[in-house]
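Asks: One structure, as structure tokens, below. Some questions next.
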Amino acid sequence: MDIALDPSRDDLPLMANTSHILVKHYVLDLDVDFESQIIEGTIVLFFEPGDRFEKQSGSTKDTCRSESNEACSFRMPAPCQSPVTDTRTFSSKTGYNDFAICGKGEKDTSGKDGNHDNPEQASGISSSKYRCDTGNHGSEDFLLVLDCCDLSVLKVEEVDVAAVPGIDKFTRSPKLTVVSEELRNQIVHELVTLPAGRWREQLDYYAGCSQAPGCGELLFDTDTWSLQIRKTGAQTATDFPHAIRIWYSTKPQGRSVTWTSDQSGRPCVYTMGSPINNRALFPCQEPPVAMSTWQATVRAAASFVVLMSGENSAKPTQLREGCASWHYYVTMPMPASTFTIAVGSWTEMKPEPCLFKDLAAERALSPSEADFRYVGVCGHTEYPCRFQNPSATTQEIVPHRVFAPVCLQGACQETLLQLVPPCLSAAHSILGTHPFSRLDILIVPANFPSLGMARPNKEKTGHVSDSGSSVIKHGLNPEKVFMQVHYLKGYFLLRFLAQRLGDDTYFAFLRKFVHTFHGQLILSQDFLQMLLENIPEEKRLELSVENIFRDWLESSGIPQPLQRERQAGAECGLARQVSAEVEKWIRVNRRPRKRKRREAEEVFEKLLPDQLVLLLEHLLEQKTLNPRTLQSLERTYHLPQQDAEVRHRWCELIVKHRYTRAYKDVERFLQEDQAMGVYLYGELMLSEDPRQQQVARRCFELTKEQMERSSAEVVAEMLF
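If you want it as structure tokens, here you go:
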């Protein structure tokens with residue numbers, strides 16, 4: 069099954085056979101080790117057979133096949149020593165501690181916290197090989213395929229969910245009195261289909277099941293992009309174990325997490341919007357159609373803070389001296405790519421007690437807003453939905469926490485904390501109910517690939533096989549991360565639609581759209597189709613989904629409506645003010661070094677950040693700017709202290725005019741704003757100026773070990 073792909077031309081494979089079987093819930097139990105730069109532990113997956121599988125029971129022929137038709141190689145159980153991971157329960161109230169174990173050389177602490185050794189766990193890992201030609205040997209065993217990359221899988225086993233105390237209430241059939249595969253699968257089915265109102269009970273039982281003993285190791289094998297698992301004799305997805313446990317560890321070079329240092333120089337690790345999403349963090353089903361819930365217990369040194377994209381505001385639980393545990397969960401089914409984790413020495417920023425007290429208070433909806441309250445049945449799968457909660461619909465500002473490195477505490481306290489509440493309130497006023505009950509905000513390290521969160525992809529993902537596997541176009545091409553054209557066009561398309569329809573009509577539609585499609589996967593076509601169906605005929609003006617895609621997203625160059633808008637924008641007051649300032653700077657630049665005594669000094673207006681960006685872009689069009697002009701620009705607008713967008717243009721001016729006195733500003737930008745700095749590396753090298761090229765190479769040497777992999781690859785190609 070191994071597929072050799074060339075990142076410069078090939079696509080990213082999504083291997084999971086989601087048409088045959090779907091993960092409904094993940095339970096992760098992990099340890100974070102900064103010394104080895106490894107995250108290790110277990111993940112338990114709870115399955116439901118897919119609707120399409122029974123029509124194609126011979127799934128191995130579709131999902132386990134290589135170009136050379138070589139036999140697949142599976143690992144069978146063999147008695148050998150296995151690393152052991154501490155798998156404590158997430159709550160002392162669950163009552164399932166009997167299935168937890170002590171690991172990593174710890175002494176048995178069962179007398180203190182109810183944990184006991186599990187002899188099943190240390191029995192060994194699957195190490196030897198079992199050869200099976202799935203095309204010819206006659207076996208019809210079902211093959212589970214998970215998306216997996218850069219992981220060391222140690223063992224895979226079936227979980228004996230029937231051993232959890234009290235879980236027998238999920239066995240409806242009186243015939244199933246003997247513990248069997250059918251009984252265990254029925255228990256999992258009843259568990260994953262519990263009503264949304266019983267979500268707390270469901271999470272408790274998931275936790276209990278995740279720590280139940282194993283009842284048989286499963287055959288498995290890995291290749292570059294997948295983990296393949298089967299059980300001898302299980303010929304369909306229905307027969308395959310519905311709860312399995314995977315023992316694994318990440319690799320330091322894994323592309324789903326970044327081990328680095330924060331702005332204070334302290335170690336940290338975080339997930340990133342990498343091309344391969346989370347498959348190098350845990351085995352999963354990557355296709356977005358595989359919507360699932362999850363809960364995770366993560367242990368780290370007590371000096372670290374663990375943040376995750378969970379619905380609860382987790383607090384650390386002291387396990388032993390120097391070690392703490394954090395537990396998060398979600399009850400809304402979401403794609404596996406939305407799972408995030410960040411571990412570091414973050415400091416929580418506390419707002420002033422009375423800050424935005426009035427703004428944060430819940431209030432009754434005004435008559436105009438009341439029209440947009442969600443009424444009716446939700447279109448998504450069942451979960452505890454906030455849109456059906458009256459108190460949630462009026463909550464302007466959801467509870468939130470802000471975390472930052474120590475060195476940025478002051479800046480966050482001064483600026484960010486004051487911005488968050490009004491931003492949340494504005495989002496509520498436009499879009500309505502916040503879909504999540506809480507929010508964590510983290511100031512990420514300088515090497516965070518901010519552009520990596522938005523991967524351009526105008527083409528379809530390609531052919532989807534009967535198993536559900538597919539590809540992502542250009543998913544492995546590092547340069548595509550930095551191509552923003554479609555996202556910029558999309559932004560201006562939304563602005564164009566808002567101007568065409570008017571703010572009232574457009575924002576009313578946005579709120580209706582969010583209410584209609586919350587909790588569901590959507591396409592751009594869904595958005596545009598609903599928009600056109602909900603606006604008056606006189607405002608459509610021959611707009612259609614087809615011509616919007618053609619004119620705005622599929623054609624090269626600047627769309628005609630945007631060109632007209634640019635011309636109109638040049639006439640607005642703020643733009644005219646910038647044009648006047650540009651003329652002043654051009655006059656300053658033309659003056660001789662020694663001015664006449666009676667010649668008046670230019671008086672420059674104070675400009676907004678967006679105006680500064682426009683000013684510098686106009687000045688970039690000038691063929692020459694002398695050092696005196698550049699020095700005056702720097703002093704007048706305090707350019708090194710401005711935001712990243714302004715500083716980026718300032719650095720472009722420095723490079724273009726070889727303003728050596730300010731090369732320190734370029735070096736700072738390349739080190740502190742690494743994602744945006746990729747473009748500057750190109751300009752430094754294209755200048756063919758030895759000193760500028762030396763700046764580029766020196767900065768890259770200082771940052772390449774911490775730089776995000778795609779960024780480093782692109783920059784290295786520019787430099788060498």
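Sequential numbering from 69 applies to the sequence shown in the working numbering. Glycine included, C-beta positions come from ideal geometry on N, C-alpha and C.
#1: Taking DSSP as the reference, what is the three-state secondary structure of residue 650?
#2: Locate the alpha helix (DSSP H) running through residue 322, then write down its first and last residues.
#3: With distances taken from CA atoms, which of 385, 453, 674 and 512 is nearest residue 741?
#4: Any chance the region 309–318 sits against the region 97–109, with 3 or more Cβ pairs inside 8 Å?
#5: Does the beta-carbon distance from residue 298 to residue 212 come in below 8 Å?
#6: If we count the other Cβ atoms within 10 Å of its Cβ and call it buried at 16 or more, is residue 671 buried or exposed?
#7: Taking 7 Å as the limit between beta carbons, can you name the residues of its chain near residue 786, skipping five residues before and five after?
#8: Does the region 261–277 come close enough to the region 337–346 to have 3 or more Cβ pairs within less than 8 Å?
#9: Measure the beta-carbon distance from residue 215 to residue 84 and round it to whole angstroms, keeping in mind my assumption that it falls under 8 Å.
#10: If I follow the unbroken alpha helix (DSSP H) through residue 739, where does it start and stop?
#11: So which of 448, 724 and 709 has the shortest CA-CA distance to residue 692?
#12: Please determine whether the Cβ atom of residue 391 lies at a distance below 7 Å from any heavy atom of the ligand ZN.
#13: How many angstroms separate the CA atom of residue 701 from the CA atom of residue 767?
#14: Please classify residue 333: is it buried, with 16 or more other beta-carbons within 10 angstroms of its beta-carbon, or exposed?
#15: Tell me the DSSP secondary structure of residue 221 in three-state form.
#16: Which residues share a DSSP beta bridge with residue 416?
#17: Between the C-alpha atoms of residue 266 and residue 360, what's the straight-line distance to the nearest angstrom?
#18: Grab me the residues of residue 228's own chain with a C-beta within less than 8 Å of its C-beta, minus the 5 sequence neighbours each way, in chain order.
#19: Let me check understanding here. Comparing Cα to Cα, which of 646, 389, 264 and 330 lies closest to residue 453?
#20: Expressed to the nearest angstrom, what Euclidean distance is found between the alpha-carbon atoms of residue 480 and residue 415?
#21: What's the C-alpha gap between residue 95 and residue 324?
#22: Between 644, 669 and 697, which lies nearest to residue 679 when the distance is taken from Cα to Cα?
#23: Please work out which residues of its chain come closer than 8 Å, Cβ to Cβ, to residue 757, disregarding the five sequence neighbours upstream and downstream, and give them in chain order.
#24: Checking the sheet assignment: what are the DSSP bridge partners for residue 397?
#25: In terms of residues, what are the limits of the beta strand (DSSP E) holding residue 93?
#26: Would the beta-carbon of residue 115 fall within 8 Å of that of residue 82?
#27: Can you tell me the Cβ-Cβ gap for residue 366 and residue 100, rounded? I've got them flagged as a contact below 8 Å.
#28: Could you check the C-alpha separation between residue 62 and residue 306 for me, to the nearest Å?
#29: Note down the Cα distance separating residue 496 from residue 472, rounded to an integer number of angstroms.
#30: Would you list the residues sitting across from residue 410 in a DSSP beta bridge?
#31: What is the residue span of the alpha helix (DSSP H) that residue 493 lies within?
#32: Could you tell me how far apart the beta carbons of residue 226 and residue 309 are, in whole angstroms, since I believe they sit closer than 8 Å?
#33: Assign residue 603 to buried or exposed, taking buried as 16 or more other Cβ atoms, counted over all protein chains shown, within 10 Å of its Cβ.
#34: I'd like the list of long-range same chain contacts for residue 476, defined as Cβ closer than 7 Å, with 5 residues on each side in sequence excluded.
#35: Would a C-beta distance cut-off of 8 Å place residue 404 and residue 354 closer than the cut-off?
Replies: Quick answer:
#1: Here residue 650 refers to the residue found at position 582 of the sequence shown. Three-state result, residue 650: helix.
#2: Numbered from 1 along the sequence shown, position 254 holds the residue referred to as residue 322. Counting along the chain, residue 322 falls outside any alpha helix (DSSP H), and DSSP gives it neither H nor E.
#3: Along the sequence shown, read from residue 1 onward, the residue named residue 741 stands at position 673. The residue with the shortest Cα to Cα distance from residue 741 is 512.
#4: yes
#5: By 1-based counting over the sequence shown, the position of residue 298 is 230. By 1-based counting over the sequence shown, the position of residue 212 is 144. Yes, these two residues count as a Cβ contact at 8 Å.
#6: Residue 671 sits at position 603 when you count from the first residue of the sequence shown. When all chains shown are included, residue 671 counts as exposed.
#7: If you number the sequence shown from 1, residue 786 lands on position 718. Only 749, 750 and 753 meet the Cβ criterion.
#8: no
#9: Looking up residue 215 in the sequence shown gives position 147. Looking up residue 84 in the sequence shown gives position 16. The Cβ separation is near 5 Å, so the contact holds.
#10: Counting from one through the sequence shown, the residue named residue 739 turns up at place 671. Here the alpha helix (DSSP H) through residue 739 covers 731–740.
#11: Position 624 of the sequence shown holds residue 692. Ranking 448, 724 and 709 by Cα distance to residue 692 puts 724 first.
#12: In terms of ligand content, the structure shown is empty, and the ligand ZN therefore cannot be addressed.
#13: Here residue 701 corresponds to residue number 633 of the sequence shown, with the count starting at 1. Here residue 767 corresponds to residue number 699 of the sequence shown, with the count starting at 1. Using only the alpha carbons, I get a separation of about 25 Å.
#14: In the sequence shown, the residue the question calls residue 333 occupies position 265. Exposed, by the Cβ-count rule.
#15: Along the sequence shown, read from residue 1 onward, the residue named residue 221 stands at position 153. Residue 221: strand per DSSP, three-state reduction.
#16: Translated into positions along the sequence shown, residue 416 becomes position 348. The partner list for residue 416 (beta bridge, DSSP) reads 471.
#17: Taking the first residue of the sequence shown as 1, we reach residue 266 at position 198. Taking the first residue of the sequence shown as 1, we reach residue 360 at position 292. Straight-line Cα distance between these residues: approximately 17 Å.
#18: For the purposes of this step, residue 228 is taken as residue 160 along the sequence shown, with counting starting at 1. Same-chain partners within the cutoff: 247, 252, 280, 281, 282 and 283.
#19: By one-based count along the sequence shown, residue 453 stands at place 385. Out of 646, 389, 264 and 330, 264 has the C-alpha closest to the C-alpha of residue 453.
#20: Here residue 480 refers to the residue found at position 412 of the sequence shown. Here residue 415 refers to the residue found at position 347 of the sequence shown. Looking at the two C-alpha atoms, the distance is approximately 11 Å.
#21: Counting from one through the sequence shown, the residue named residue 95 turns up at place 27. Counting from one through the sequence shown, the residue named residue 324 turns up at place 256. Their backbone Cα atoms lie some 18 Å apart in a straight line.
#22: To locate residue 679, count along the sequence shown from 1; it is residue 611. Residue 679 has its Cα closest to that of 644, out of 644, 669 and 697.
#23: Here residue 757 refers to the residue found at position 689 of the sequence shown. If we look at residue 757 and ignore the five residues flanking it on each side, its Cβ neighbours are 726.
#24: Position 329 of the sequence shown, counted from the start, is the residue given in the question as residue 397. Residue 397 pairs with 363.
#25: Locating residue 93 in the sequence shown gives position 25, counting from the first residue. Element bounds for residue 93: 89–101.
#26: Taking the sequence shown and counting its residues from 1, the one referred to as residue 115 is at position 47. Taking the sequence shown and counting its residues from 1, the one referred to as residue 82 is at position 14. Their beta carbons are not under 8 Å apart, which means residue 115 does not touch residue 82 by this criterion.
#27: By 1-based counting over the sequence shown, the position of residue 366 is 298. By 1-based counting over the sequence shown, the position of residue 100 is 32. Confirmed, about 6 Å.
#28: Past the edges of the chain, shown from 69 to 788, lies residue 62, and the structure says nothing about it.
#29: Here residue 496 corresponds to residue number 428 of the sequence shown, with the count starting at 1. Here residue 472 corresponds to residue number 404 of the sequence shown, with the count starting at 1. Cα to Cα, residue 496 sits roughly 25 Å from residue 472.
#30: The residue labelled residue 410 in the question sits at position 342 within the sequence shown. Its beta-bridge partners are 338 and 375.
#31: If you number the sequence shown from 1, residue 493 lands on position 425. That run of the alpha helix (DSSP H) goes 485–499.
#32: One-based indexing of the sequence shown puts residue 226 at position 158. One-based indexing of the sequence shown puts residue 309 at position 241. Sure, about 4 Å apart at Cβ, within 8 Å.
#33: As a position in the sequence shown, residue 603 is number 535, starting the count at 1. So residue 603 counts as buried.
#34: Residue numbering aside, residue 476 sits at position 408 when the sequence shown is read from its first letter. Taken in chain order, the residues that qualify are 331 and 511.
#35: Counting from 1 along the sequence shown, the entry for residue 404 is found at position 336. Counting from 1 along the sequence shown, the entry for residue 354 is found at position 286. A contact, by the Cβ cut-off of 8 Å.
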